[in-house]
Structure formats: structure tokens, C-alpha cells
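Protein sequence lines correspond, in order, to chains D and F.
Take 1 as the starting number for the first sequence in the numbering used here and just add one per residue.
Take 1 as the starting number for the second sequence in the numbering used here and just add one per residue.
Worksheet: one structure, shown below.
2 protein chains.
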Amino acid sequence: MQLTMESKAPKITDVARLAGVSTATVSRALSKPETVAESTRNTVLAAAEKTGYRVNLSARNLRRQRTGAIVVLVPNIGNPFFSEILAGIETALSEADINMLVVDTRQAHMKPQLVLEYLHATRADGIIALDGSLPDAILSVASSGSGAPPIIFACEWTPKGEFSSVRANNTRGGALAISHLAGLGHRTIGMITGPDDNVLTHDRSRGALKALAAESLVFNPLHRFSGDFSLDAGARAAQAWLQLDQRPSAVFCQSDQMAFGFISELALNDVSVPDDVSVVGFDDIAIAKRFIPALTTLRQPRKKIGMSAARMLINHIQTNTSPAVETTILEVELIVRGSTKAFAG
Amino acid sequence: MQLTMESKAPKITDVARLAGVSTATVSRALSKPETVAESTRNTVLAAAEKTGYRVNLSARNLRRQRTGAIVVLVPNIGNPFFSEILAGIETALSEADINMLVVDTRQAHMKPQLVLEYLHATRADGIIALDGSLPDAILSVASSGSGAPPIIFACEWTPKGEFSSVRANNTRGGALAISHLAGLGHRTIGMITGPDDNVLTHDRSRGALKALAAESLVFNPLHRFSGDFSLDAGARAAQAWLQLDQRPSAVFCQSDQMAFGFISELALNDVSVPDDVSVVGFDDIAIAKRFIPALTTLRQPRKKIGMSAARMLINHIQTNTSPAVETTILEVELIVRGSTKAFAG
DNA sequence: TGCTGCACTGCAATCGATTACATAAAGCTT
DNA sequence: AAGCTTTATGTAATCGATTGCAGTGCAGCA
Numbered sequence: 001m002q003l004t005m006e007s008k009a010p011k012i013t014d015v016a017r018l019a020g021v022s023t024a025t026v027s028r029a030l031s032k033p034e035t036v037a038e039s040t041r042n043t044v045l046a047a048a049e050k051t052g053y054r055v056n057l058s059a060r061n062l063r064r065q066r067t068g069a070i071v072v073l074v075p076n077i078g079n080p081f082f083s084e085i086l087a088g089i090e091t092a093l094s095e096a097d098i099n100m101l102v103v104d105t106r107q108a109h110m111k112p113q114l115v116l117e118y119l120h121a122t123r124a125d126g127i128i129a130l131d132g133s134l135p136d137a138i139l140s141v142a143s144s145g146s147g148a149p150p151i152i153f154a155c156e157w158t159p160k161g162e163f164s165s166v167r168a169n170n171t172r173g174g175a176l177a178i179s180h181l182a183g184l185g186h187r188t189i190g191m192i193t194g195p196d197d198n199v200l201t202h203d204r205s206r207g208a209l210k211a212l213a214a215e216s217l218v219f220n221p222l223h224r225f226s227g228d229f230s231l232d233a234g235a236r237a238a239q240a241w242l243q244l245d246q247r248p249s250a251v252f253c254q255s256d257q258m259a260f261g262f263i264s265e266l267a268l269n270d271v272s273v274p275d276d277v278s279v280v281g282f283d284d285i286a287i288a289k290r291f292i293p294a295l296t297t298l299r300q301p302r303k304k305i306g307m308s309a310a311r312m313l314i315n316h317i318q319t320n321t322s323p324a325v326e327t328t329i330l331e332v333e334l335i336v337r338g339s340t341k342a343f344a345g
Numbered sequence: 001m002q003l004t005m006e007s008k009a010p011k012i013t014d015v016a017r018l019a020g021v022s023t024a025t026v027s028r029a030l031s032k033p034e035t036v037a038e039s040t041r042n043t044v045l046a047a048a049e050k051t052g053y054r055v056n057l058s059a060r061n062l063r064r065q066r067t068g069a070i071v072v073l074v075p076n077i078g079n080p081f082f083s084e085i086l087a088g089i090e091t092a093l094s095e096a097d098i099n100m101l102v103v104d105t106r107q108a109h110m111k112p113q114l115v116l117e118y119l120h121a122t123r124a125d126g127i128i129a130l131d132g133s134l135p136d137a138i139l140s141v142a143s144s145g146s147g148a149p150p151i152i153f154a155c156e157w158t159p160k161g162e163f164s165s166v167r168a169n170n171t172r173g174g175a176l177a178i179s180h181l182a183g184l185g186h187r188t189i190g191m192i193t194g195p196d197d198n199v200l201t202h203d204r205s206r207g208a209l210k211a212l213a214a215e216s217l218v219f220n221p222l223h224r225f226s227g228d229f230s231l232d233a234g235a236r237a238a239q240a241w242l243q244l245d246q247r248p249s250a251v252f253c254q255s256d257q258m259a260f261g262f263i264s265e266l267a268l269n270d271v272s273v274p275d276d277v278s279v280v281g282f283d284d285i286a287i288a289k290r291f292i293p294a295l296t297t298l299r300q301p302r303k304k305i306g307m308s309a310a311r312m313l314i315n316h317i318q319t320n321t322s323p324a325v326e327t328t329i330l331e332v333e334l335i336v337r338g339s340t341k342a343f344a345g
């Protein structure tokens with residue numbers, strides 16, 4: 001005569017009892033169905049259904065020595081640029097029944113300790129880093145191999161140490177931006193870059209400079225504005241641009257956000273894009289096609305980058321292969337919109 | 001004479017052996033330091049340090065009957081609107097040493113099964129839902145109380161069932177938008193809403209209508225465009241607006257994204273904001289102040305919403321209180337920028 | 001001195017599922 | 001029909017940390 005007020009979550013023994021088999025059989029029926037006779041399997045499945053059984057993940061993970069989760073290190077969750085990459089990662093992970101832990105590394109540079117926690121295998125089965133500038137302390141642990149889970153870089157990467165990565169063809173993107181502008185007749189082209197020590201900055205700039213050379217154009221160092229991919233950086237660059245005696249007739253912004261900041265600040269000073277200056281962005285975030293003017297930019301396959309990185313990681317985890325370093329480079333696409341037009345000088 | 005190629009991760013017994021104490025003491029020294037004599041504690045800490053010990057979370061969670069993680073149900077991770085809320089949640093969680101699992105509920109409406117998985121206590125210690133329109137199947141499980149972890153709604157909420165929530169004062173926001181426009185002399189004000197069955201739509205509209213009444217203005221149902229908070233919905237509303245014989249001189253868009261879509265589509269048709277029509281948004285996402293024109297909008301304290309929801313949930317979890325329903329409403333702020341100006345009719 | 005209480009530590013059960021190994025039954029081979 | 005596989009299931013050890021309970025030793029007190 002027992003009132004079951006708060007019936008506890010059913011466990012495997014409950015299912016086993018109801019089905020009249022051992023817990024081993026239940027476990028097998030659920031995770032390796034083909035190893036169990038069909039009739040038994042059906043009995044077990046029915047019992048599991050009836051009790052509402054759900055496997056206890058802590059127990060499973062403890063036994064299997066896995067965590068069932070990977071962590072994604074994001075430089076700044078608040079930045080919409082990353083959200084679609086996260087979406088891609090999540091898509092791939094959910095297929096493999098792996099959870100995604102999201103960690104913001106912004107303060108990580110203050111206290112690497114905090115992030116180091118995640119590098120231990122007890123926290124996560126693997127790591128996807130969207131932040132190429134992790135503290136050295138972290139990288140050295142990650143590459144030491146002793147018990148640290150596999151790590152894969154997406155979008156950004158790090159030149160220090162050998163890690164797998166998935167990224168866009170940034171160099172080609174830089175080149176495409178420049179040849180588009182040059183093709184429109186622009187001879188004086190400026191550039192707003194990311195942080196000077198950033199790998200994306202480096203590759204995009206390299207591609208841009210190569211394309212300038214190919215067009216026999218010279219790049220004036222005064223026309224290089226160094227930013228940090230943010231809206232405000234673009235606005236600051238606009239201020240600098242306004243001060244110039246000789247203004248470039250076109251500017252390649254290494255992120256859409258900087259392009260928006262740039263265009264917006266120019267607009268406040270009655271300089272019009274594209275009439276007075278043409279602007280190319282990079283990323284093709286959602287708002288780009290609705291900005292005024294709509295932004296010519298380089299589309300990065302962000303969702304695909306996320307998915308590829310996740311699949312690569314899942315593969316590492318499941319096969320438990322030693323992390324053979326592989327680099328996947330996905331193509332970018334030039335999207336021409338209203339922010340660029342032929343030079344009318 | 002053993003070569004330790006791949007020394008396994010140290011466990012509590014290793015620390016105990018090195019420190020010359022029992023595992024119980026190690027455990028206590030690490031998690032309840034005050035219950036252990038100082039000298040012992042130092043020995044243990046030194047041993048832990050030396051071995052590089054990290055607690056195995058699966059084991060701890062199994063024993064403690066917790067998961068150490070909460071899940072956040074996001075309608076669409078790809079939507080930048082949510083990223084700052086996530087950032088707020090993450091901030092609060094990391095203080096409490098709890099992990100954040102992010103799950104996209106987009107397909108959830110197709111297969112509620114998938115999300116139901118997360119409602120079992122073995123997956124997460126609690127849930128924050130940013131999606132007010134979860135399938136009924138999910139809600140009923142959540143409110144059943146039997147073993148389901150506590151759930152808290154943030155931003156959105158659901159009228160079905162009693163759940164705690166943290167949200168902005170949407171009604172007041174709607175009212176502020178209208179009185180701002182009315183104060184500028186606009187007498188014919190249109191509105192682009194979210195989905196018809198959405199709670200945000202409902203509250204913002206209610207506030208707006210109340211304010212219209214207070215200003216003795218009548219609302220023409222033809223001036224109501226129903227959208228879904230997206231850029232494209234705004235653009236579609238613009239098309240509809242263009243078809244009108246009697247165009248409102250001002251439009252209240254219930255999200256910034258829709259405002260951008262609206263303004264952008266109007267611009268393509270040579271209608272200028274704010275010269276031809278004033279526009280107010282809602283949310284104040286980052287790009288709002290850099291749009292052209294800069295957008296007048298209602299700022300939601302997104303980060304604060306995230307933090308509050310997380311703290312509320314942490315409190316539920318740690319005190320293990322029965323989920324007493326509490327609703328926190330945070331104030332919105334009208335940010336006046338360039339997209340609205342006095343009616344010059 | 002003998003007793004009580006307190007501070008500290010250890011023993012061992014426990015959380016729930018997985019899986020190596022053992023066993024049993026059935027099928028196959030010659 | 002004996003022996004050998006193959007298939008299906010059960011037994012029990014195991015993953016690593018936590019914690020209720022019990023024990024030890026020492027201080028305080030009458």
C-alpha cells in the first residue's frame with residue numbers, strides 16, 4: 001500500500017525486472033539491438049517504453065570514459081558572426097548525439113585557468129576553437145597530447161603548433177575583393193584590416209596585396225586602417241579616411257561589421273557609398289543584403305564551416321585516431337551588391 | 001621499470017596515496033575544505049597539485065545526482081538577437097560552475113521527441129527556454145513536476161501553464177514607441193507585428209493600442225502588418241505599405257530586424273526614412289545605431305535578462321526549492337535616433 | 001579519574017550503466 | 001551422436017567520486 005508521490009526516475013534495473021531479463025540484456029537491447037534476440041528485444045523495448053526509462057548519462061559516461069559533450073570556445077558569444085557557425089556545429093553534433101557546451105573566451109585571456117579546465121578529458125570529448133588567439137598556456141596543454149581531448153580550429157586558427165582546422169579561403173577572398181574593385185576601374189584602394197596579429201587579417205591582406213600587384217597597382221600604407229572587425233573600428237577608420245589628403249576611391253573592409261561602421265560614419269559626414277567611395281565587406285552576414293546600400297561582400301560558408309569542423313571532430317572522437325592534422329579550406333563567393341560601383345574619377 | 005608513455009589521468013586514489021590519506025579526506029579537502037585539518041588540507045592540496053588531479057565530473061555527477069549543466073532552448077541560434085542573451089546566461093552560469101548546453105529548437109516542432117530528451121533530469125539540472133511556443137507535449141512534461149528539471153522562460157514565455165519567467169516590459173515598450181511617435185505629431189501610425197500567436201506580439205501590440213487610445217488616435221486595421229520578426233518580414237510589410245492608398249506617416253516595427261527590412265525595401269522604392277515615414281524598432285541590437293538612418297528603438301536589457309534568468313534557475317537548482325513561480329519584468333528604454341522625426345504633413 | 005563532546009579521518013556503500021567473461025542452449029558437421 | 005560453433009543471456013566487476021556512519025584521540029569538565 002504505497003503512495004508513490006514522486007516516483008523516482010526509472011533505472012535500468014526497473015526495466016530489467018519488468019521485462020524479466022538481466023540489466024545486461026536491457027543495456028544491449030537498447031544500445032546494440034542486433035546482439036539480442038528479436039523477441040527479447042521487443043519485450044525490453046516495451047518495458048522501457050512503459051516505465052519511461054531514460055539512460056542516465058552520467059553513469060554511461062563514467063563507464064564509457066566519455067563525456068558526451070564537446071566544448072566550443074567562442075571569442076565573444078555576443079557577436080552575431082559566430083551564431084551561424086554555432087548553428088552548423090550544432091546540426092552536425094545532434095546527428096551524433098553529442099552535446100555542445102559553449103564557452104566565451106573573452107575573459108579567458110585574463111584567466112586561462114578557467115578555460116584550461118575544459119581541456120581535461122573529464123570535461124569534454126573534444127574542442128572546437130573559434131578563437132585563434134588562445135593563450136599559449138592553453139595551446140601547449142592542448143598539443144601535449146597527454147589526455148587532452150582533440151582540438152580543431154574553425155574560421156580562425158593558430159600558427160603555433162599543429163592543429164586541424166576548417167576555414168574559408170581568406171586569401172582568395174582578399175584577392176577577389178581587390179580584383180572586383182580594380183575591375184570597376186578603381187586605382188587607389190584602401191583597406192580596413194582586423195587586428196595586426198590576427199591570422200584572418202594576415203591572409204586576407206596577403207590575398208589583397210597579391211591581387212593589387214597583379215593589377216599593377218601600388219598600395220599606399222597610409223590607406224591601411226587597422227581595426228578589430230567591429231562596428232566601431234569601421235567608424236574609426238572612417239574618421240581617419242576623412243582626414244586623408246588623397247582619399248582612396250574604394251575600400252576593402254575585412255569584415256561586414258567594419259564596413260557598416262565605415263559606411264555609417266561616412267554617411268554622418270555626408271560622404272556617400274557608393275557614389276563617393278566603393279566598399280567591399282567580408283562575411284556576408286544576414287543584414288548585409290539589407291544595409292543601405294546593400295553591401296558587396298565575400299560570403300563565407302559559415303554554416304558549412306561549423307558542420308565540417310564538427311564532423312571532423314566527431315570522426316576523431318569516434319575512431320579515437322591520433323589527431324592527424326588536416327586542413328579543410330572552403331571557398332568564398334563574391335556577392336556583388338550596391339556598395340560598389342564603377343570609378344567615375 | 002615502467003615507461004609511462006601515456007600516463008592516465010590521475011584519480012582521487014592517486015592523490016590519496018601520495019598524500020597518505022584516504023580518498024574521503026581528499027574529497028573533503030577539495031570540496032569542503034573547512035572540514036579538514038589545516039595541515040592535512042595542505043598536504044592534500046599539494047598532492048593534488050603535483051599529480052595534476054582534476055575531478056572526474058561524470059563520477060561526481062553520478063554520485064551527486066546532478067549533471068552540472070543546464071540547457072538553453074533557442075528558437076534559432078543563427079539569430080543574433082539571442083546571442084547577447086546567451087552571453088548573459090553564460091556569465092551567470094560560469095560563476096556557479098555550471099555548463100551551458102545550447103539546443104536549437106527549430107526542428108523541435110517537427111520532432112518534439114528530440115527536445116523531450118533534455119527534459120529528463122539525467123540530461124540537465126534545469127532549462128532556460130527562449131522559445132515561448134514549445135510544443136504542448138514538452139510543456140506538459142515540464143509542468144508535471146515528476147523528475148523534470150525546473151524550467152524558466154526568458155524573453156518569451158508561455159501562457160499555457162505556470163512557469164517562472166524573466167522578460168522585458170513589452171507592453172510599456174509598445175506604449176513608449178507610440179507615444180514617442182504621437183509626440184512628434186504623427187496621427188496615422190502603422191505597426192508591423194510578430195507572429196499572431198506570439199506573446200511578444202500580443203504584449204507589444206497591447207501597449208501600443210493603449211497608448212494610441214490615450215492619445216485619442218484610432219488604429220486602422222489596414223495599417224497592421226503581420227510578420228515574424230525577420231528582415232524579410234519587414235521587407236514584405238514595406239511592399240504592403242507601398243500598396244496603401246492612405247499610408248501611415250509612422251510605423252512601429254516590433255523588432256529591429258523587421259525595421260531594417262522595412263526601411264531597406266522602402267529605400268529601394270525611393271521612399272526615405274525618416275523624411276517620408278518615421279520608423280521605431282524594438283530590441284536595440286548592435287547594428288541599430290549604425291544603420292542608415294540610425295534606428296530609434298526600444299532597448300531591451302538582453303544581457304541582464306539572460307543573467308537574471310540564469311540566476312533564478314541556479315537558485316532553484318541549488319536550494320532545490322519547488323519551483324515557486326516568479327516573474328521578473330525588466331524595464332525597456334526608448335533610444336531616440338535618426339529614424340524618427342516630427343510629422344511634417 | 002572518568003566522562004562527554006568535539007574535531008578529524010577512514011571504511012565501505014553507493015550512484016547507474018556497461019561489458020568481459022562465463023554459461024547455456026541450439027544448430028551444424030562429419 | 002560426439003564435438004564444435006554460434007547465438008543469446010546472465011553474473012559480477014568496473015568506472016571515480018561522495019558521504020553516512022563509525023572510530024580515534026584529545027581537550028575540557030566535574
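Glycine is no exception: its CB is placed at the ideal position from the N, C-alpha and C atoms.
- A straight line joining the alpha-carbon of V166/D with that of D270/F spans about 42 angstroms.
- Taking 7 angstroms as the cut-off, the beta carbon of I192/D is found no closer than this to the beta carbon of P248/D.
- Nearest neighbour of F229/D by Cα position, chosen from R236/D, Q257/D, A214/D and Q239/D, turns out to be Q257/D.
- For the stretch 123–134 of chain D, residues whose beta-carbon sits nearer than 8 angstroms to a beta-carbon of chain F comprise R123.
- For D131/F, there is no enclosing alpha helix (DSSP H), since its DSSP letter is neither H nor E.
- Contact with chain D is absent for H316/F, since none of that chain's Cβ atoms lies less than 7 angstroms from the residue's Cβ.
- In the DSSP assignment, the residues bridged to V72/F are V102/F and I128/F.
- If you check each beta-carbon in the stretch 84–97 of chain F against every beta-carbon of chain D, the ones closer than 7 angstroms belong to E84, L86, A87 and E90.
- Counting only residues of its own chain and dropping the five nearest sequence neighbours on each side, S22/D has a CB closer than 8 angstroms to the CB of A16.
- Below 8 angstroms, too few C-beta pairs join the stretch 74–84 of chain D and the stretch 52–66 of chain F to call them touching: fewer than three.
- With contacts defined as CB atoms closer than 7 angstroms, G306/D and I152/D fail to qualify as a contacting pair.
- DSSP, read as helix, strand or coil, puts T296/D in strand.
- At a cut-off of 7 angstroms, the C-beta of I287/D has a neighbouring C-beta in chain F.
- R54/D has a beta carbon lying within less than 7 angstroms of a beta carbon in chain F.
- By the Cβ criterion, the stretch 296–304 of chain D is not in contact with the stretch 118–136 of chain D, since fewer than three pairs of Cβ atoms, one from each stretch, lie closer than 8 angstroms.
- Taking a C-beta distance under 7 angstroms as the contact criterion, R204/F and N170/F qualify as a contact pair.
- Along the stretch 244–274 of chain F, going in chain order, the ones with a CB nearer than 9 angstroms to a CB of chain D are Q257, F260, G261, I263, S264, E265, A267 and L268.
- The three-state reading of DSSP puts A235/F in helix, counting H, G and I together.
- With a cutoff of 7 angstroms on beta-carbon distance, A37/D and V71/D are scored as not near each other.
- Between S31/D and A24/D, the alpha-carbon positions lie close to 11 angstroms from each other.
- Rounded to the nearest whole angstrom, the CA to CA distance from C155/D to L217/F is 52 angstroms.
- Any Cβ of chain F closer than 7 angstroms to the Cβ of M307/D would place that residue at the interface, and such an atom is absent.
- Using a Cβ-Cβ cut-off of 7 angstroms, I77/F counts as an interface residue toward chain D, since at least one Cβ of chain D sits closer than that to its own.
- Scanning the stretch 179–248 of chain F from its first residue to its last, the whole alpha helix (DSSP H) runs of 4-plus residues come out as 199–214 and 231–243.
- Against chain F, the beta carbon of R290/D has neighbours under 7 angstroms at L231, F260, G261 and S264, listed in chain order.
- Within chain D, the residues A9 and R54 have their CB atoms less than 8 angstroms from the CB of H120/F, given in chain order.
- Across the structure, G234/D and D245/D are spaced so that their CA atoms are roughly 19 angstroms apart.
- Under the three-state reduction of DSSP output, D270/F falls in the coil class, being neither helix nor strand.
- As the crow flies, the alpha-carbon of A96/F is around 13 angstroms from that of S308/F.
- At least 7 angstroms separates the beta-carbon of F262/F from that of A286/F.
- S179/F and T328/D have their C-alpha atoms spaced approximately 54 angstroms apart.
- By the criterion of a C-beta distance shorter than 6 angstroms, A19/D is surrounded in its chain by T43, V44 and A47, once the five residues flanking it on both sides are discounted.
- Sorting R41/F, K8/F and T35/F by C-alpha distance to the C-alpha of R54/F places K8/F at the top.
- Sequence-ordered contacts of the stretch 17–43 of chain F with chain D are nonexistent [C-beta pairs closer than 9 angstroms].
- The C-alpha of I12/D is placed about 8 angstroms away from the C-alpha of S27/D.
- Secondary structure of R123/D (DSSP, three-state): coil.
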